[in-house]
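>
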Amino acid sequence: MWNLKSWHGRFLPHRLAAPERLRHYAAWCNAVEGNTTFYATPAPEAVASWAEQTGPDFRFVLKLPRVLTHERRLVGADAELGAFLDAVAPLGPRAHALWVQLPGSFTPADTATLARFLRTLPRTHRYAVEVRHPGFFTDARAARQLEDALAPVAAEWVPFDTTAFFASPPTSDAEREAWTNKPRMPLRTRALTDRPIVRYLGRDDTARTVEGWQPWVAVVAGWLAEGRSPTVFLHTPDNADAPALARQFHDEVRARVSGLDPLPDPSPTEPATLF
């Protein structure tokens, strides 16, 4: 996402036209999760606008539509898959990875289905898979089978780190909502490819969010030292400070990795006034 009401006047100018919001977001962060694509395949004019608002190095990690992953469960949706691939084609290299987020009901017993689906995908894209059944994390055999399914197409396993969030009970409405909606996944820090992707959920309290991401600072710095090109997405329950937190995380990694480029300097955004 690149537009949140609480960001206006802080990270985005007030009364900014919708077709300009991504452009201003891209001055804060150089990657975005395409979560809206889960609900519907985007219109061609929308994707063309995304491409126009971002540079060729900007990274979209776009979620496959739920009709593929949750309703058809990766079977018998060739037409829908083709329509989605055609729709995102204008992004070109900006489509960093297509994100296969699977429901918690997709178990290790379904791994063969995932393997068959991945083998049918065109090699014009990179792919990343997020699983939410605990068995993939707690059963070493299931984890190996999943890695074996991902390897032939060089697909990445996307961890969603909620360990810091679930470390203590919620303290706000936003945290209580996330408490009921977000998965409790064991921590995983193993990268399978040269383009690892991490999703991290912190707390309302910035200090606790920063404390919780410290292991990732070391992991990401290590990946960069190995020549990998990671993408990290940082969330909090209300995401009100997410762009600033993402830049702080980047700065902490950059302090450990010489030669890592800084993020772009965002344009100053003045708060709304009465006159």
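Under the working numbering, think of the first position of the sequence shown as 127, with each following residue one higher. Glycine is no exception: its CB is placed at the ideal position from the N, C-alpha and C atoms.
1. Going straight from the alpha carbon of Leu-371 to that of Thr-306, what length do you get?
2. I'd like to confirm the pairing. Which residues does DSSP put opposite Val-255 in its beta bridges?
3. So, at 8 Å on beta carbons, what are the nonlocal neighbours of Arg-302 in its own chain, with the 5 sequence-adjacent residues on each side left out?
4. For Ala-317 and Ala-223, I'd like the C-alpha separation in whole angstroms.
5. Where do the N-terminal and C-terminal ends of the beta strand (DSSP E) with Tyr-326 fall, by residue?
6. What is the DSSP secondary structure of Phe-184, reduced to helix, strand or coil?
7. When the Cα atoms are used, what is the spatial distance from Asn-129 to His-361?
8. Does the beta-carbon distance from Ala-290 to Ala-241 come in below 8 Å?
9. So Trp-137 packs on Thr-167, CB below 8 Å; how close in whole Å?
10. Whose C-beta lies closer than 7 Å to the C-beta of Pro-388 among residues of the same chain, with five residues either side of it excluded?
11. I'd like to know whether the C-beta atoms of Thr-288 and Arg-310 end up nearer to each other than 8 Å.
12. Could you tell me the alpha carbon to alpha carbon distance between Leu-244 and Val-226, rounded to whole angstroms?
13. Cα-Cα, which of Arg-198, Ala-143, Leu-228, His-251 is closest to Arg-185?
14. Where does His-140 land, buried or exposed, given buried means 16+ other C-beta within 10 angstroms?
15. Answer yes if the stretch 262-272 comes into contact with the stretch 324-338, meaning at least three C-beta pairs across the two stretches below 8 Å, and no otherwise.
16. Please determine, among Gly-202, Ala-205, Val-158, the residue with the shortest C-alpha to C-alpha distance to Asp-183.
17. Assign Val-383 to one of three DSSP states: helix, strand, or coil.
18. Between Thr-399 and the rest of its own chain, which residues show a CB-CB distance below 7 Å, the 5 nearest in sequence each way excluded?
19. To the nearest angstrom, report how far apart Ser-132 and Val-214 are at their CA atoms.
20. Give the secondary structure of Phe-359 by DSSP, where H, G and I count as helix, E and B as strand, and everything else as coil.
21. Give me, in chain order, the residues of the same chain whose beta-carbon lies closer than 7 Å to that of Ala-203; leave out the 5 immediate sequence neighbours on both sides.
22. Could you have a look at Lys-131 and say whether DSSP puts it in helix, strand or coil?
23. Could you say which of Asp-391, Asn-156, Asp-299 lies nearest to Ser-355 if we only look at CA atoms?
24. To which residues of the same chain is Glu-273 closer than 8 Å at the C-beta, ignoring the five residues directly before and after it?
25. DSSP has Glu-159 in a bridge; who is on the other side?
26. Using the three-state DSSP reduction, which class does Thr-399 fall into: helix, strand or coil?
27. Would you mind working out which of Glu-178, Pro-191, Ala-172 sits nearest Thr-163, comparing C-alpha positions?
28. Any idea which residues DSSP pairs Leu-138 with across the strands?
So, from the listed chains and residues:
1. 24 Å
2. Val-226, Trp-283
3. Pro-296
4. 15 Å
5. 323-327
6. coil
7. 14 Å
8. no
9. Note on identity: in this sequence residue 137 is Phe, with Trp being the wrong assignment. Wrong, their Cβ atoms sit about 28 Å apart, outside the cutoff.
10. Arg-380
11. yes
12. 10 Å
13. His-251
14. exposed
15. no
16. Val-158
17. coil
18. Because Thr-399 sits at a pLDDT of 49, beneath the cut-off of 50, its placement in the model cannot be relied upon, and the point is left open.
19. 28 Å
20. strand
21. Val-193, Leu-194
22. helix
23. Asn-156
24. Trp-283, Leu-318
25. Val-187
26. Here Thr-399 scores only 49 on pLDDT, less than 50, and its place in the model should not be relied on; the value that follows carries that caveat. In this structure, Thr-399 counts as coil in the three-state DSSP scheme.
27. Pro-191
28. His-134
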